[in-house]
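2 protein chains.
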Amino acid sequence: MTSTTYASRVFPLETMDVPGGTETVLRGGRHLFPLLHRAFAGVRRIGVLGWGPQGRAQALNLRDSLTGTDIRVTVGLRPGSPSATDARSHGFTEEDGTLGDWLAVAADSDLVILLIADAALAAHHEEIFAALKSGAAIGLSHGFLLGHLRETGGEFPAGHPVIAVCPKGMGDSVRRLYQQGAEVNGAGINSSYAVHADPDGRAVDLALGWSVALGSPYTFRTTLESEYLSDIVGERAILLGAVHGIVESLYTRYRLDGDDETTAYERSCENITGPIARTISRSGLRAVREALDSAGQDVFDRVYTATYGPAREIVAEIYDEVADGTELRSVILAERRLGAREMSEIGGSPMWAVGGRVRARRGERELSVDPFTAGVFVATMLAQIDEFAERGHPWSEIVNESVIEAVDSLLPYMHARDVAYMVDNCSRTARLGARRWGPRFQAAYEQIAYPAAEQPADTALLEAFVAHPAHEALSAASKLRPSVDISVS
Amino acid sequence: MTSTTYASRVFPLETMDVPGGTETVLRGGRHLFPLLHRAFAGVRRIGVLGWGPQGRAQALNLRDSLTGTDIRVTVGLRPGSPSATDARSHGFTEEDGTLGDWLAVAADSDLVILLIADAALAAHHEEIFAALKSGAAIGLSHGFLLGHLRETGGEFPAGHPVIAVCPKGMGDSVRRLYQQGAEVNGAGINSSYAVHADPDGRAVDLALGWSVALGSPYTFRTTLESEYLSDIVGERAILLGAVHGIVESLYTRYRLDGDDETTAYERSCENITGPIARTISRSGLRAVREALDSAGQDVFDRVYTATYGPAREIVAEIYDEVADGTELRSVILAERRLGAREMSEIGGSPMWAVGGRVRARRGERELSVDPFTAGVFVATMLAQIDEFAERGHPWSEIVNESVIEAVDSLLPYMHARDVAYMVDNCSRTARLGARRWGPRFQAAYEQIAYPAAEQPADTALLEAFVAHPAHEALSAASKLRPSVDISVS
Numbered sequence: 004m005t006s007t008t009y010a011s012r013v014f015p016l017e018t019m020d021v022p023g024g025t026e027t028v029l030r031g032g033r034h035l036f037p038l039l040h041r042a043f044a045g046v047r048r049i050g051v052l053g054w055g056p057q058g059r060a061q062a063l064n065l066r067d068s069l070t071g072t073d074i075r076v077t078v079g080l081r082p083g084s085p086s087a088t089d090a091r092s093h094g095f096t097e098e099d100g101t102l103g104d105w106l107a108v109a110a111d112s113d114l115v116i117l118l119i120a121d122a123a124l125a126a127h128h129e130e131i132f133a134a135l136k137s138g139a140a141i142g143l144s145h146g147f148l149l150g151h152l153r154e155t156g157g158e159f160p161a162g163h164p165v166i167a168v169c170p171k172g173m174g175d176s177v178r179r180l181y182q183q184g185a186e187v188n189g190a191g192i193n194s195s196y197a198v199h200a201d202p203d204g205r206a207v208d209l210a211l212g213w214s215v216a217l218g219s220p221y222t223f224r225t226t227l228e229s230e231y232l233s234d235i236v237g238e239r240a241i242l243l244g245a246v247h248g249i250v251e252s253l254y255t256r257y258r259l260d261g262d263d264e265t266t267a268y269e270r271s272c273e274n275i276t277g278p279i280a281r282t283i284s285r286s287g288l289r290a291v292r293e294a295l296d297s298a299g300q301d302v303f304d305r306v307y308t309a310t311y312g313p314a315r316e317i318v319a320e321i322y323d324e325v326a327d328g329t330e331l332r333s334v335i336l337a338e339r340r341l342g343a344r345e346m347s348e349i350g351g352s353p354m355w356a357v358g359g360r361v362r363a364r365r366g367e368r369e370l371s372v373d374p375f376t377a378g379v380f381v382a383t384m385l386a387q388i389d390e391f392a393e394r395g396h397p398w399s400e401i402v403n404e405s406v407i408e409a410v411d412s413l414l415p416y417m418h419a420r421d422v423a424y425m426v427d428n429c430s431r432t433a434r435l436g437a438r439r440w441g442p443r444f445q446a447a448y449e450q451i452a453y454p455a456a457e458q459p460a461d462t463a464l465l466e467a468f469v470a471h472p473a474h475e476a477l478s479a480a481s482k483l484r485p486s487v488d489i490s491v492s
Numbered sequence: 004m005t006s007t008t009y010a011s012r013v014f015p016l017e018t019m020d021v022p023g024g025t026e027t028v029l030r031g032g033r034h035l036f037p038l039l040h041r042a043f044a045g046v047r048r049i050g051v052l053g054w055g056p057q058g059r060a061q062a063l064n065l066r067d068s069l070t071g072t073d074i075r076v077t078v079g080l081r082p083g084s085p086s087a088t089d090a091r092s093h094g095f096t097e098e099d100g101t102l103g104d105w106l107a108v109a110a111d112s113d114l115v116i117l118l119i120a121d122a123a124l125a126a127h128h129e130e131i132f133a134a135l136k137s138g139a140a141i142g143l144s145h146g147f148l149l150g151h152l153r154e155t156g157g158e159f160p161a162g163h164p165v166i167a168v169c170p171k172g173m174g175d176s177v178r179r180l181y182q183q184g185a186e187v188n189g190a191g192i193n194s195s196y197a198v199h200a201d202p203d204g205r206a207v208d209l210a211l212g213w214s215v216a217l218g219s220p221y222t223f224r225t226t227l228e229s230e231y232l233s234d235i236v237g238e239r240a241i242l243l244g245a246v247h248g249i250v251e252s253l254y255t256r257y258r259l260d261g262d263d264e265t266t267a268y269e270r271s272c273e274n275i276t277g278p279i280a281r282t283i284s285r286s287g288l289r290a291v292r293e294a295l296d297s298a299g300q301d302v303f304d305r306v307y308t309a310t311y312g313p314a315r316e317i318v319a320e321i322y323d324e325v326a327d328g329t330e331l332r333s334v335i336l337a338e339r340r341l342g343a344r345e346m347s348e349i350g351g352s353p354m355w356a357v358g359g360r361v362r363a364r365r366g367e368r369e370l371s372v373d374p375f376t377a378g379v380f381v382a383t384m385l386a387q388i389d390e391f392a393e394r395g396h397p398w399s400e401i402v403n404e405s406v407i408e409a410v411d412s413l414l415p416y417m418h419a420r421d422v423a424y425m426v427d428n429c430s431r432t433a434r435l436g437a438r439r440w441g442p443r444f445q446a447a448y449e450q451i452a453y454p455a456a457e458q459p460a461d462t463a464l465l466e467a468f469v470a471h472p473a474h475e476a477l478s479a480a481s482k483l484r485p486s487v488d489i490s491v492s
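Protein chains in written order, with the numbering used here: chain A, 4 to 492; chain B, 4 to 492.
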């Protein structure tokens, strides 16, 4: 699906072994900052449109990394944007020309990074394109606009490089780990990059420079389409939607089994965001099963067997609908419908009140991995990995979108704040997707998977898990990044 | 949206009062059978393509009703169809020319009634259209093909009347109640009819004749588009999808509250398919609340208040997606994906094992309406009614698709067989829709509605329920049909 081999005139590249071949990767780090002026040749002004979590993080990281060069980073906002105050408090001001109206900033920049919300991008991309200087590069961190243009018959304007650098984590982590990277070299959020249009041959190094300047520990190549599909599907599956469905279904199951509220929460939500995420992050997927005693492994095996099939069915359905454009149409319809009325929040369900109590008693004791929960979660993760592999995604993208982004970024965030907070506060497109698909996982698991969890384990399925090429790919990706816990305030 | 006034050259028509005006209705009955030859003027051969529940019921009813005329009813099947044996056992045979290859039957008929599965219709409608005699009428019982043609840029062939007669119930009921109609005049399933193309002025009476011959107690007018939307949305909402989601969420809630399995089942699923459906069928929607004592009414009012909003959000989302074509695309994608592999069944979830025990002890005692369950169910029903009314559907269609088809046809069927049986055995399009949307109702009710059920009732909302124009429309529709219990084997 995508050529993962490339060359750079500026940065030293490495080769990473992946199942079935190799991928070229750029290992990042502050030692590369002196090369940035070469990667950004021809770029004097970078305009970051938007001051959401990604906009803020990227503008701050870029400005810090480009200190000492004559490249200026300017933030562009919609007229009357409530974000102006926060941007000013971070040193982006009208007075020194580093804060302005988004169209004016777009007109003045050599690289325009579009980090406004999807709905705004859908509504205003034509005005922004029309404002661009001749030959200015268009930068995206998300494939949404590609999907939107395809659905609506639009196009990127000719003659402009179109590149993407997509950090595989939330904006807050992109900034915070960059700051940690001042002490621990290489701390940061991995990114993928894509070159969608390259009229003058500059695009690869411009994208790589952008990624290095963001602090990406490693940068791997993909296509805008591949990024879009893995991102939109991932947030509906193991990154958010399925997590919500899983924890609701497990919490209910444990309560029906007789557990009190706190125990049920610790066995379900707390277990996933805590010990399971940590184990995978430090030691990989197999370690989750290996850490269990033999009775626990028996439970894991049966539950994994029962869950994998239903999980795979749903991930395949999500993928088909995202690839077809159907899912995007539903997002557009929802935006229209919700124009008048905000989405209802799920944080009011009884489960989340329990979460507060559980977080208060953390540290009293070490929570061990619950084998039933682990079987469900790992099976769902493998279902997504297998679906992406079948569809031809690069291995680096598969493991980033299916494992690393979850266990290093999203789940720790949910551990600090809880899943409901995430579901009610992430991007609109992700919220809509989680609402559509979370309940599908919940219902399928309650009605089909859990009733089958008493059945004997499928040894072939478990052998495929143990021997899975993903472990090697994950391990290779992990070597290229120090294990740094995100400090979440 | 639709003109509900029309004239017939053959049948006597009546006027029914509905909120905001009147609708023309045709009251059916066997006394009208002597007029059929006039309605079917120009039609010597009727070809029924398909021998599923609708195909079988319609072919049998038509043949019985047209006994003594020279109009022949022939069944057309795909080559190698496994249904041939059953068709022959019902007296449709190759020997007497009443059974044949579907394209040959299409080529030979003056009215071709397309009752094959949606997927087959999508794949083969062009061949069927190409086979038609000049001027032959095309008959549908479902608006699916209209949706499909719009999505794919296709068209009905010019020069052919295109009519629809859509019984508002399952095929088995269409046949069984027709047979009961031999004793009780007017027993049957109501139908809507639509004229999509009328090149020679015959279409209205052809459609009305078809409906009378099916045994429809009353026939009301709609458009193919309106029928399609209300039907596809309805099966995802109160007719099936929402019912499944409701019973799963209530069963779990009652179990978490401490009810044993049998009590939880009786308060949820059994309550809806039994006393609630029966009360609405005999006495209307308000009677459900009126039958409760004052403590029960307080529960009903709070639960209705908490459920209506979330229910309305989801019905609106379903409607947008069906109207936009998005839902149809997902059906097509699912057909493609499931081509190799059957849909998993939901009948294995623990709830349904309990159903068997509960059915075995029926008759031991009279089950009374559970106020919590009633509030949830009635609120969901009203949410659909209000959404259809807002979108401009005729009142007869609103009450048929939101109330009558549920309480007179589907819920009694589920009472005999259980909801899971229905979800696993109805039409493919309905099954897919129930799987997509049932979990949405379940999750929204568990996470948003039930946590809010302790809040005070919204008196304005309850007043709107009590004063709702739907009660009048439902009552008018009920007057036109004797209350006959479906005998389900």
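Don't be surprised by glycine CBs; every beta carbon is placed ideally from N, CA and C.
Remember, it's a predicted structure, so these values are computed and weren't measured experimentally.
- Contact of GLU320(A) with chain B is assigned, a C-beta pair being separated by under 8 Å.
- Contact between the segment 319 to 339 of chain B and the segment 427 to 445 of chain B is established, with three or more Cβ pairs separated by less than 8 Å.
- Neighbours of ASP327(B) in chain A, taken as residues whose beta carbon is under 7 Å from its own, are ARG332, LEU336 in chain order.
- Here THR222(A) is bridged, per DSSP, to LEU29(A), SER194(A).
- When C-alpha distances from ALA120(A) are compared across LYS136(A), GLY103(A), HIS145(A), the shortest belongs to HIS145(A).
- Not one beta carbon of chain B lies nearer than 8 Å to the beta carbon of GLU264(A).
- Here the segment 236 to 250 of chain A does not lie against the segment 151 to 160 of chain A, with fewer than 3 beta-carbon pairs under 8 Å apart.
- Chain-order list of chain B residues neighbouring SER347(A): GLY312, PRO313, GLU316, ALA447, ILE451, by C-beta distance under 8 Å.
- VAL13(B) sits in coil when the DSSP states are folded into three classes, being neither helix nor strand.
- Proximity of chain A to PRO442(B) at the Cβ level (cut-off 7 Å) is accounted for by PRO442, ARG443, GLN445, ALA446, in chain order.
- ASP427(A) and ALA280(A) have their C-alpha atoms spaced approximately 21 Å apart.
- Looking at the DSSP output, ILE141(A) shares a beta bridge with VAL115(A), VAL165(A).
- Straight-line measurement puts the Cα of GLU264(A) at about 9 Å from the Cα of PRO353(A).
- Taking CB atoms only, LEU259(A) has a neighbour in chain B less than 8 Å away.
- Bounds of any beta strand (DSSP E) do not take in ASP263(A), whose DSSP letter is neither H nor E.
- Secondary structure note for ARG364(B): it is in no beta strand (DSSP E), with a DSSP letter that is neither H nor E.
- The distance from the Cβ of TYR448(B) to that of GLY248(B) is about 7 Å, consistent with a contact at the 8 Å cut-off.
- In the pairwise beta carbon analysis, the segment 68 to 75 of chain A is classified as touching the segment 30 to 41 of chain A: at least three pairs are separated by under 8 Å.
- Judged by DSSP in its simplified three-state form, GLY395(B) adopts coil rather than helix or strand.
- With a contact defined as Cβ atoms closer than 8 Å, PRO164(B) and LEU209(B) qualify at about 7 Å.
- Inclusion of VAL291(B) and VAL381(B) in the CB contact set at 8 Å is warranted, their separation being smaller than that value.
- Looking at the DSSP output, GLY103(A) sits in a beta bridge with GLY79(A).
- With distances taken between CA atoms, ALA479(B) lies nearest to THR18(B) out of ARG270(B), THR18(B), ARG12(B).
- Between the beta-carbon of ALA139(A) and that of LEU114(A) there is about 7 Å, and that keeps the pair under the 8 Å contact cut.
- Beyond the five residues adjoining it in sequence on each side, GLY441(A) comes within less than 6 Å, by CB distance, of GLY244, HIS247, GLY248 in the same chain, given in chain order.
- Residue pairing for THR18(A): DSSP places it in a beta bridge opposite THR27(A).
- Counting every other CB atom within 10 Å of its CB across the protein chains shown gives ASP234(B) a total of 16 or more, marking it as buried.
- For ILE335(B), DSSP assigns no beta-bridge partner whatsoever.
- Runs of beta strand (DSSP E) with 3 or more residues, each lying fully within the segment 28 to 69 of chain B, are found at 48 to 52, listed in chain order.
- The secondary-structure analysis by DSSP pairs PRO170(B) across a beta bridge with SER194(B).
- Across the set PRO56(A), GLN450(A), GLU400(A), the C-alpha of PRO56(A) shows the shortest separation from the C-alpha of VAL177(A).
- Inter-residue distance for SER481(B) and GLY150(A) is about 49 Å (C-alpha atoms, whole angstroms).
- Two segments are said to touch when three or more pairs of C-beta atoms, one from each, lie closer than 8 Å; by this definition the segment 409 to 420 of chain A does not touch the segment 211 to 222 of chain A.
- Here HIS199(B) carries a strand assignment [DSSP, helix/strand/coil].
- By the rule that beta-carbons nearer than 8 Å mark a contact, ARG431(A) does not touch chain B.
- GLY100(B) sits away from GLY79(B), with the two beta carbons spaced by 8 Å or more.
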